[in-house]
Structure formats: structure tokens, C-alpha cells
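In case it helps, my numbering puts the sequence shown at residues 30 to 344.
What follows is a set of notes on a single structure, which appears directly below.
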Amino acid sequence: MSLRLFSRALPKSCPASPQRSIVGLRVRFNSSDAPVTPEKMPIPTRTRNLADFSMANRVCMVTGGARGLGLEFCKAFIQSGCTDLAILDLKEEEAAAAGEELIKQSCVDSTMEPTDYRVMGLGCDVSSELSVQQAFRKVMDTYGRIDSVVASAGIVENYSAFDYPFDRIKRLYDINVHGAFFTAREAARHMIPQGGGSIVLVASMSANIVNIPQPQTPYNAAKAAVKHMAASLAVEWAKKGVRVNCLSPGYMLTKLTRTILAHDPELKRTWESLTPMGRMGEPEDLAGAIVFLASDASRFMTGSEIRVDGGYCII
Ligand SMILES: NC(=O)c1ccc[n+]([C@@H]2O[C@H](COP(=O)([O-])OP(=O)(O)OC[C@H]3O[C@@H](n4cnc5c(N)ncnc54)[C@H](O)[C@@H]3O)[C@@H](O)[C@H]2O)c1
């Protein structure tokens with residue numbers, strides 16, 4: 030890793046600034062050695078980050094990256110030092126606009142200039158294998174390698190089983206299941222010759238539980254398929270340096286869920302009451318988990334699932 034690049038990627042206010050205090054947790058022990066309540070305290074002086082979490086010098090790609098969780102993953106990569114990023118989404122202009130906005134934001138209060146970034150927006154329909162292959166070809170032509178790929182593109186619909194039109198079920202599987210497969214397979218095809226890489230498939234807590242009260246059987250089954258796909262591909266490619274893990278969010282506030290909640294405002298209260306932490310997740314609640322899975326920090330982890338669901342699945 031180039032130290033110069035990594036330090037340039039840090040915002041001006043970050044490095045070794047004595048004025049900046051970050052709130053952390055400290056556990057104190059009393060004289061009888063019994064643990065007492067954790068208390069919040071400022072972490073003094075220099076803040077150090079584990080280098081394995083750095084995304085500097087890594088070429089990253091995110092499908093469904095123009096908005097929602099995908100856009101949040103892009104943001105997390107940039108904040109962790111990534112400067113080479115491909116954002117794939119159905120509409121190229123939306124992917125490109127998301128990229129421009131990301132660059133603009135990341136240059137605020139930073140030593141970084143827009144020219145330090147190579148962020149590209151690409152139109153790609155993940156349900157088409159050809160479209161995915163073409164997007165990967167453009168990424169390879171531009172960057173020459175691909176290190177971390179996140180398959181986040183996905184849709185959800187709520188029909189009861191008897192009412193769900195077959196063409197819509199098929200479309201859901203084409204995007205959520207086959208789209209993840211095409212993305213992972215194409216990623217591995219390019220990663221294996223270069224010595225490896227990390228692939229993250231975005232599944233859902235619905236891979237593990239049945240959501241209530243809204244019916245969504247094909248979605249739940251599709252996400253269970255994505256979870257097992259990650260495990261199966263992980264075994265196929267484990268000795269070739271390509272890791273495949275999955276990230277399973279709980280209820281997060283994005284356009285996908287806002288569309289559902291717009292038709293049923295009471296539903297938000299129900300979802301929150303079923304979540305031990307008592308709230309829906311904000312997209313940035315996933316930032317740490319995605320950087321962990323996509324970076325060297327998780328280098329001995331493959332075929333695993335990380336659930337980030339406010340505790341939903343444990344009760
Ligand atoms: N939001 C949640 O509560 C939640 C919970 C668990 C899992 N997820 C999963 O996270 C992923 C992202 O969800 P989100 O909430 O950000 O949704 P979103 O609707 O906000 O964003 C999805 C993005 O994917 C893109 N997309 C859709 N079909 C595509 C296709 N065929 N090809 C390329 N791009 C396509 C959309 O244009 C959009 O930009 C999905 O796989 C979803 O199932 C979401």
C-alpha cells in the first residue's frame with residue numbers, strides 16, 4: 030500500500046489533530062475487579078486505523094450503486110481511501126451523477142482534488158449476462174484490474190403467493206439471483222488471473238427468517254439462494270484467492286423500503302417493534318461491515334454471512 034496515497038485520502042481534519050476528539054467506549058474496573066458500566070470518553074491524541082481496512086489502491090465495483098445501500102457502499106469505500114470506483118446501475122446517467130456527487134462530497138474539507146479520483150458510472154442490467162460482461166470489460170479497460178466487487182442490485186415486491194404474476198417472479202429471480210451470479214462469476218474470471226479479490230453478495234435477513242406481515246415468498250427464497258450461492262462459490266474459488274461472502278441487512282431506510290412504507294405507514298411501527306434495537310437501520314449502519322468484507326481485514330473469511338439487522342433474527 031502506498032503510504033502517500035493513503036495519507037492523502039484522509040480528510041484534513043483527521044490526521045493527528047489534537048483538537049479532534051472522537052467518542053469511544055472505555056470499560057473501567059473498580060478495586061474489587063468487578064466490571065462497572067462502560068462510560069463514554071474521548072479517545073485522546075492520535076487516531077490510528079488498522080491498515081487492513083484501507084481501500085486505498087483497490088479498484089472497487091458496486092452494482093445497484095446509484096442509490097440506496099449500493100451508493101452507501103460506494104461512499105464507504107471512498108471514505109476508506111478508494112480512488113478507483115465503478116458504479117453500475119440501470120441508467121448510466123444516474124450512476125454517473127452519483128459518482129460526481131460522491132467526488133464532490135469527498136473533496137469537502139479534504140486535501141483530495143477531483144482529479145485524484147477515477148470514478149466511472151456505467152449502465153448495466155445485471156439480469157443480462159451480456160450487459161454484465163460488457164460492464165466488466167469496460168472496467169478492466171479503464172483500471173486494468175478489479176479487487177472488490179459488491180452485488181447490491183436487487184428488487185423486492187409484495188404479492189401473496191396466489192396473486193404473484195409469474196413474469197414478475199421470473200424478473201425478480203433474474204435480477205436478485207441470476208444478477209448476483211453473473212456479477213460474481215464475471216468478477217472471479219478477472220480476479221483469478223490477477224491473484225484474487227473479494228466479492229460481497231448482498232442478501233438479506235430474509236435469507237434466514239420469514240418477514241411478517243407483508244408476503245414476499247419469492248424475495249425470501251431468492252435471498253436464501255444468494256446466501257447459499259456465496260457459500261458455494263466461496264468453496265469453488267477458495268484456493269484461487271477469491272473470497273465470497275454475503276452481507277445480510279435487516280430493515281434499512283432506502284428507496285426500496287420507503288416505497289413499501291408509502292403505501293402502509295403503520296408497517297414501519299410493526300417492523301420497528303419486531304426489531305430488538307427498536308428502529309430501522311440507516312444505510313450508513315452498513316459501512317463498517319461492507320469495508321470489513323471487501324478489504325483485507327476479512328482475509329481469512331469466505332463463505333460467511335454478516336447480518337446487520339438490529340437483532341431482528343435473534344428473537
Ligand atoms: N433496504 C432494505 O431494507 C434491504 C434489506 C435487506 C436487503 N436489501 C437488499 O439490498 C440491496 C439494495 O437495496 P436498496 O434498499 O438499496 O434498494 P434501492 O431500490 O434503493 O436500490 C437498488 C438499486 O439497484 C438498481 N437496480 C435494480 N435493478 C437493477 C438491474 N436489473 N441492474 C442493475 N441495477 C439495478 C436500482 O436502479 C437501484 O439503484 C438489494 O439487493 C436488496 O434486496 C435491502
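We put the CB at the ideal spot given by N, CA and C, even for glycine.
Spatial neighbours of residue i in its chain, beta-carbon cut-off 6 Å, leaving aside the 5 residues before and after
i, result
"S177", "R87, C89, S227 and A323"
"A95", "D118, E123, A124 and A127"
"I241", "none"
Proximity test, residue i beta-carbon vs ligand 1 heavy atom, cut-off 6 Å
i, result
"I204", "yes"
"D154", "yes"
"M281", "yes"
"P278", "yes"
"R96", "yes"
"L357", "Outside the displayed range of the chain (30 to 344) lies residue 357, so it cannot be described from this structure."
"K284", "yes"
"L303", "no"
"V231", "yes"
"A126", "no"
"A182", "yes"
"D81", "no"
Beta-carbon proximity check, residue i vs residue j, cutoff 7 Å
i, j, result
"S277", "S333", "no"
"P305", "G340", "yes"
"V91", "F102", "yes"
"P244", "S189", "yes"
"A251", "V206", "yes"
"A124", "V155", "no"
"V185", "L285", "yes"
"Q223", "R272", "no"
"A105", "I335", "no"
"V161", "A209", "no"
"N274", "V229", "yes"
"H219", "M281", "no"
"A80", "G110", "no"
"C342", "I198", "no"
"T283", "G99", "no"
"L303", "V337", "no"
"K297", "I221", "no"
"E301", "G310", "no"
Nonlocal neighbours in the same chain, by C-beta distance under 7 Å from residue i, ignoring five residues either side
i, result
"A267", "T331"
"N187", "Q243, P244, Q245 and I289"
"I132", "P143, Y146 and V148"
"E130", "none"
Beta-carbon proximity list for residue i, same chain, < 8 Å, skipping 5 on both sides
i, result
"T171", "A115, R147 and M149"
"A63", "Note on A63: pLDDT 40, under 50, position unreliable in the model; no value is reported."
"R328", "D81 and R272"
- Task: Tell me the start and end of each unbroken beta strand (DSSP E) in the region 164-226 that is at least 3 residues and wholly inside, in chain order.
- Result: 177-180
- Item | Whole runs of the beta strand (DSSP E) within the region 94-175, excluding any shorter than 3 residues | 113-118 and 147-152
- Item | the region 151-168 in contact with the region 100-117 per 3-pair CB rule at 8 Å | yes
- Task: May I ask you to verify whether the region 260-279 touches the region 210-228, counting CB pairs closer than 8 Å and requiring at least 3?
- Result: yes
- Task: Only counting runs of 4 or more residues, tell me where the alpha helix (DSSP H) segments fall wholly within the region 234-283, in order along the chain.
- Result: 246-266
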